[in-house]
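Heads up: the sequence shown is residues 632 to 761, going by the working numbering. For each residue, glycine too, the CB sits at the ideal point set by N, CA and C. Here's the structure, in structure tokens; my notes come after.
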Amino acid sequence: SSLSLEDFVKVKINITENNILLIYECKVLPIGITAPQAYSIYMGKINETAFRPTTHDIIHEILEHYGIDVMFVKVTELKGGTYFAELYLKKGNRILNIDTRPSDAIAIAVRSNSPVYLKKDLLKYAEEFC
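Structure representation (structure tokens):
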């Protein structure tokens, strides 16, 4: 997969009890998640750590310790009702692209204020809200 963001739009992230909301202009694309996933993303967004760190907090700390930057997340496709994402990491001039669940990628990205991009053709599944 490539670093190109040509067919992608940058989205804002909101969270409900059971959805990640990817927001672009007047469209919102909900992606269903579990309550623990929602909690982890929420805590990352408000820059808080729970009484005990979540897996995403631990991953964030490891990446930070080793000087690995979270470049961005791409939500790339929908197959059989399941969304797919890629997490892009960078250390020096080396880039790693990891296939991941959108919830995990976003939970990691919000902890470093990294952008999240959505493939433009997935907007056809989004709802209008303006």
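Using beta-carbon positions only, say whether K641 and Y748 come within less than 8 Å of one another. yes
Is there contact here, the segment 681 to 690 with the segment 698 to 706, by at least three beta-carbon pairs under 8 Å? no
At the level of alpha carbons, what is the spacing between I737 and I672? Distance between the alpha carbons of I737 and I672 is about 7 Å.
Helix, strand or coil for A716, going by three-state DSSP, please let me know. strand
In angstroms with no decimal places, state the Cα-to-Cα distance between G712 and I677. 29 Å
Distance check for K710 and A716, CA to CA, integer angstroms please. 11 Å
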